[in-house]
Amino acid sequence: MTASVPIVDLVAWQTADAENRASLAKVIDDILQTTGVFLLAGHGVPAELTARMRTTGRAFFHLPWEQKAPYAMQRPEDNGWRGLPQPQGVATGGTGGAPDLHEAFHMGPTHRTGDDAFDALYYPANKWPAELPELRETALAYTAHMTRVADAVMKMLAEVLGLEPSFFTSRCEHATWTQSVNWYPPLHNIGETAEGQMRIGPHTDFGTITLLDRQQGVSGLEVWNEVDGWFAPPFAEGTLVVNMGDLMNQWTDGRWRSLRHRVLAPSASAPQEELTSLVYFLDADPDAEIMPLAAPVGGGAGMPAVIAGEWILKKNKEMLLGLQRHGLFQD
């Protein structure tokens with residue numbers, strides 16, 4: 001029987017009495033231990049803003065290559081455009097297969113510490129396309145909402161574990177995050193796909209949590225656990241997919257699973273299908289020490305403490321190995 005991925009209403013959680021909150025906390029904890037994902041309703045992100053973010057993001061990808069090229073990422077930690085090809089699976093170990101079938105545009109926080117070298121690593125400048133000034137305006141409004149939602153989710157997750165609401169957020173006051181617009185071009189743009197090639201190959205995310213606003217397609221997101229293998233999570237219009245990342249798995253000492261997931265290649269039955277996903281990746285304060293929670297709250301895996309920013313940079317360097325193999329970055 002395929003795991004039941006629950007829909008959690010954020011407002012219902014925030015207004016629940018003790019009995020209902022305890023019941024909902026068990027539902028959340030159970031799915032995060034087995035699979036690492038749930039759907040979030042009641043998040044308050046305006047549907048009109050989400051639609052505008054998707055439309056303006058897609059407009060960038062429709063620009064000619066020569067107009068997109070000046071905004072290309074030069075380092076894995078950079079913001080900006082990443083075009084085709086992309087190596088598959090590099091998020092989990094730095095090894096790549098056939099190129100992934102998507103393009104991405106990354107943006108991040110504007111926080112500055114005054115240490116230029118530190119900021120270049122952890123708060124890289126955004127590369128706003130002059131051709132689409134509305135993208136910057138829309139993205140700033142959209143990411144403000146996503147940052148608000150991420151903060152609320154992190155408080156909820158702390159309470160699920162019986163901790164103070166600020167347990168996680170106190171280490172995310174100037175968190176690094178990446179808002180990515182992922183564009184999955186139609187099959188007729190790509191041509192024939194290689195055997196096993198995907199829009200995004202199997203991987204886990206680096207950070208604490210990921211918030212995904214996805215479009216439903218003929219073929220799309222699949223998630224994995226040991227019991228069910230690969231399966232498509234339910235799609236509910238207006239909800240966000242919330243999944244745990246590697247850093248949250250570390251923080252909970254293995255209690256909560258870092259979701260293994262992938263995005264399937266476009267189907268030959270829908271050659272015109274073009275999808276755009278909006279993905280918000282939350283890390284933590286780059287100088288925060290992430291000390292795995294002790295049992296019985298933590299999972300007892302015996303994971304070491306890590307510095308959040310160093311952890312993310314290590315993961316990015318692993319990813320760089322795969323990118324270099326496909327000629328996207330030079331040594």
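Residue 34 in UniProt numbering sits at position 34 of the sequence shown, with consecutive numbering throughout.
Glycine included, each C-beta is placed from N, C-alpha and C at the ideal position.
Bear in mind the structure is a predicted one, so any value in this text is a computation, not a measurement.
Closest by C-alpha distance to residue i, when choosing among the options
i	options	result
valine 153	Glu19, Asn243, Tyr71	Asn243
proline 129	Val27, Ala59, Ala141, Ile307	Ala59
methionine 146	Val279, Glu173, Gly309, Met291	Val279
aspartate 285	Pro64, Val27, Tyr123	Tyr123
leucine 293	Asp283, Asp287, Pro304	Pro304
tyrosine 142	Thr55, Asn20, Gly299	Thr55
Nearest-angstrom Cα separation, counted from residue j out to residue i
i	j	result
glycine 220	proline 6	19 Å
glutamine 179	phenylalanine 281	6 Å
arginine 257	histidine 62	36 Å
threonine 276	phenylalanine 118	32 Å
tryptophan 183	valine 45	21 Å
methionine 73	aspartate 213	23 Å
arginine 260	asparagine 225	8 Å
glycine 299	threonine 252	6 Å
glycine 217	arginine 262	14 Å
Buried versus exposed call for residue i [16 or more other C-beta atoms within 10 Å across all chains shown]
i	result
glutamine 250	buried
asparagine 316	buried
lysine 68	buried
valine 113	Going by the sequence as given, residue 113 is threonine instead of valine. Flag for threonine 113 reads exposed.
glycine 302	exposed
threonine 138	buried
arginine 171	buried
proline 70	exposed
threonine 204	buried
aspartate 116	exposed
glutamate 77	buried
Which residues DSSP lists as bridging residue i, in chain order
i	result
histidine 145	Note: histidine 145 sits in no beta bridge, so no partner.
glutamate 289	Ile307
methionine 107	Gln179
threonine 210	Asn243, Phe281
glycine 298	In the DSSP output, where bridge partners are listed per residue, glycine 298 has none listed.
If we count Cβ pairs, one from each stretch, closer than 8 Å, do we get three or more for the segment 34–51 versus the segment 6–18? yes
Assess contact between the segment 227–235 and the segment 194–201, defined as three or more Cβ pairs (one per stretch) separated by less than 8 Å. Is contact present? no
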